[in-house]
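Undergrad:
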Amino acid sequence: MEPRSFLCCAVVSLLIFCLRNGHAKIAPDYIHPCNDTSRECLVEATQFAIPEFVKGIPELGVPTLDPFTIDQLSIPLSGLKVTFYKGKVSGFRKCIVDNVVSELEKRYFGLEFHCNLTIKGQYGAVGRILLFPINGEGDAKVKLTNLRMKVDINTKYVKDENGLNHFALRNYKYSFDYGDRVSFDLKNLFKGSQELSDTVLAFLNDNWKSVAEEFGKPIVDYAVDLAIRTIEKFFAVVPYEELVNVPIPE
Ligand SMILES: *[C@@H]1O[C@H](CO)[C@@H](O)[C@H](O)[C@H]1NC(C)=O
Ligand SMILES: *[C@@H]1O[C@H](CO)[C@@H](O)[C@H](O)[C@H]1NC(C)=O
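Right, here's the structure in full:
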């Protein structure tokens, strides 16, 4: 083909492409829009998207969720001051989706899933936990087995500057339970005494449920808030029409 006719062809194809699509597709290929809001399709599409979604979309400003970092988090408790820092939380990519509900008219989106998560980092703790005095700092590793979570999101529809529709968040709430087991591996819980450190650690693990309930909420809040902000960012970038193949409610 001659250069001129090639160029001509290219321009014509581009025009046809543009006329057909209106705009180039933004959604990543792992998004398979459902043609209805059946549980079956939504669960399958969400499960399929998660391993890639959690990698984030750096070029669109959507952050990575697996692993995600916790630079520093203070956990305020009466009688005990705990700081967790240089943290890394991993495992979201293997979460199992249990239910997805999308009520487009009611502007409601619900998600239920369970995951095994590992939290690694450094901690410092001074005070008392249950009956034990603690004055420690060092490596921390916490494993959660089958953490279950349910997130309820109220959405709305907004138009961007190009007139394209997007989901946006009005508000959300969530509930969770720590699942089957939380195990703690905290080094040096009692500075200078390995024996006391081991005793306190064994005690924490024997009472994992109460310990998780005392400490866990700020970390889970942090994780959920990050996940929600990621979803929000994703909605702001990817138009409604690329996420669901169902006309937007009036
Ligand atoms: C939706 O319908 C289109 C066209 O019939 C089809 O290609 C696509 O696979 C369907 N999507 C899903 C998730 O079933
Ligand atoms: C978490 O780990 C447990 C035990 O290793 C396993 O039985 C379970 O299927 C895992 N759950 C998920 C969501 O991967």
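Quick note on numbering: the sequence shown equals residues -24 to -1, 1 to 226 in mature numbering (1 follows the signal peptide of the UniProt record, and there is no 0). Even for Gly, the Cβ is constructed at its ideal location relative to N, Cα and C.
Residue 59 to residue 19, Cα distance in whole Å?
TA: Sequence index remark: in the sequence shown, residue 59 carries index 83 (1-based). Sequence index remark: in the sequence shown, residue 19 carries index 43 (1-based). So the alpha carbons of these two residues sit roughly 37 Å apart.
Undergrad: Is the segment 135 to 145 touching the segment 107 to 124, taking contact as three or more C-beta pairs under 8 Å?
TA: No, they do not touch.
Undergrad: How should residue 54 be labelled, buried or exposed, when 16 other C-beta atoms within 10 angstroms of its C-beta is the threshold for buried?
TA: Locating residue 54 in the sequence shown gives position 78, where the first residue counts as 1. Exposed, since its Cβ has fewer than 16 Cβ neighbours within 10 Å.
Undergrad: Sorry if obvious, but does the Cβ on residue 17 come closer than 7 Å to a heavy atom of ligand 1?
TA: The sequence position of residue 17 within the sequence shown is 41, counting from 1. Yes, the Cβ of residue 17 comes within 7 Å of a heavy atom of ligand 1.
Undergrad: On the three-state DSSP scale, how would you describe residue 217?
TA: Against the sequence shown, residue 217 aligns to sequence position 241. Three-state result, residue 217: helix.
Undergrad: Flag residue 70 as yes when its Cβ comes closer than 7 Å to any non-hydrogen atom of ligand 2, and as no otherwise.
TA: For the purposes of this step, residue 70 is taken as the residue at position 94 of the sequence shown. Indeed, a heavy atom of ligand 2 lies less than 7 Å from the Cβ.
Undergrad: Based on the DSSP output, what are the partners of residue 50 in its beta bridges?
TA: Residue numbering aside, residue 50 sits at position 74 when the sequence shown is read from its first letter. Looking at the DSSP assignment, residue 50 forms a beta bridge with 59.
Undergrad: Under three-state DSSP, which class holds residue 6?
TA: Numbered from its first residue, the sequence shown carries residue 6 at position 30. If DSSP states are grouped into helix, strand and coil, residue 6 belongs with coil.
Undergrad: Thinking just about the alpha-carbon of each residue, which of 161, 154, 39 and 182 is nearest to the one in residue 213?
TA: What you label residue 213 is simply residue 237 of the sequence shown in a count that begins at 1. The shortest C-alpha separation from residue 213 is found at 39.
Undergrad: Which residues bound the alpha helix (DSSP H) around residue 36?
TA: Position 60 of the sequence shown, counted from the start, is the residue given in the question as residue 36. First-last for residue 36: undefined, no H or E at that position.
Undergrad: Relative to the alpha-carbon of residue 135, which residue among 128, 144 and 127 has its alpha-carbon at the smallest distance?
TA: Indexing the sequence shown from 1 puts residue 135 at position 159. Selected option, being the one with the closest Cα: 144.
Undergrad: Can you name, in chain order, every residue of its own chain whose Cβ lies under 6 Å from the Cβ of residue 67, other than the five neighbours on each side?
TA: Mapped onto the sequence shown, residue 67 falls at position 91. Closer than 6 Å at the Cβ level, and outside the excluded window around residue 67, lie 91, 92, 93 and 94.
Undergrad: Enumerated in chain order, which unbroken segments of the beta strand (DSSP E) with a length of 3 residues or greater are wholly contained in the segment 91 to 155?
TA: Complete beta strand (DSSP E) runs here, min 3: 108 to 135 and 141 to 153.
Undergrad: Can you tell me which of the three DSSP states residue 69 falls into?
TA: The residue you call residue 69 lines up with position 93 of the sequence shown. Helix at residue 69.
Undergrad: In the structure shown, what three-state DSSP assignment does residue 28 receive?
TA: For the purposes of this step, residue 28 is taken as the residue at position 52 of the sequence shown. Helix at residue 28.
Undergrad: With distance defined between alpha-carbon atoms, name the residue in 14, 57 and 109 nearest to residue 76.
TA: Indexing the sequence shown from 1 puts residue 76 at position 100. The shortest C-alpha separation from residue 76 is found at 14.
Undergrad: According to DSSP, is residue 192 helix, strand or coil?
TA: One-based indexing of the sequence shown puts residue 192 at position 216. Helix, per DSSP.
Undergrad: With DSSP collapsed to three states, give me the class of residue 78.
TA: To locate residue 78, count along the sequence shown from 1; it is residue 102. Residue 78 falls in the strand class under three-state DSSP.
Undergrad: Short check: CB of residue 33 to CB of residue 4, under 8 Å?
TA: By 1-based counting over the sequence shown, the position of residue 33 is 57. By 1-based counting over the sequence shown, the position of residue 4 is 28. For residue 33 and residue 4, yes; Cβs fall inside 8 Å.
Undergrad: Under the rule that 16 or more other beta-carbon atoms within 10 Å means buried, what is residue 109, buried or exposed?
TA: For this step, residue 109 is matched to residue 133 along the sequence shown. Its Cβ having fewer than 16 others within 10 Å, residue 109 is exposed.
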